[in-house]
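A short worksheet on the structure shown next.
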Amino acid sequence: MSNSEMISVPRELLPCSFCGQQDAFVEQLDSDSSVVICQGRVDEHSACLARGPVGIQESEDELQPGYDAAVREWNRRAKPAAQPQGEPVAFPGYPPVPEDRKLPAPAALVLPDRKPEPSCMTAVDDDREAVIWNACLDAVARLNKK
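Counting from 112, one number per residue, gives the positions in the sequence shown under the numbering used here.
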């Protein structure tokens, strides 16, 4: 074997940068490429399904085309951002905001008036407009209660 030959060796996948789990696999996409897909469970009914960059075949000797490139790109992906620590940041000329600052009370949402219920004398277009308008108001009111 010469120094120029490449050997495909399975490489360790780093944890997913989105969910932090190690439950990922390398899937072959077509005849010359592969991609890493995370199957980490996010909650009881859903999975992460983050996908890494597509790895393209680098050599005819690869057992799975693009495997090494896909793993390399998955492991090189952006790391999660560091969480802020220490003193609060302030803009020049303004004092820093204390961490124990009380937030103002949320403002009440004021909705527009409901449209009158359609009657038998209402035009068809006006009839639909009032029903849709009132349904939207009801939906916004429901969301505001949560």
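Beta carbons are placed, not taken as given, at the ideal position from N, Cα and C, and that holds for glycine.
The Cβ-Cβ distance between Gly166 and Ser142 does not fall below 9 angstroms. The alpha-carbon separation between Lys213 and Pro207 amounts to approximately 14 angstroms.
Spanning the alpha carbons of Val153 and Lys226 requires a straight line of approximately 43 angstroms. Per the coordinates, the alpha-carbon of Leu140 lies some 26 angstroms from the alpha-carbon of His156. The straight-line gap separating the alpha-carbon atoms of Arg188 and Gly204 is approximately 38 angstroms.
Nearest to Asp134 by alpha-carbon distance, out of Cys149, Leu220 and Glu169, is Cys149.
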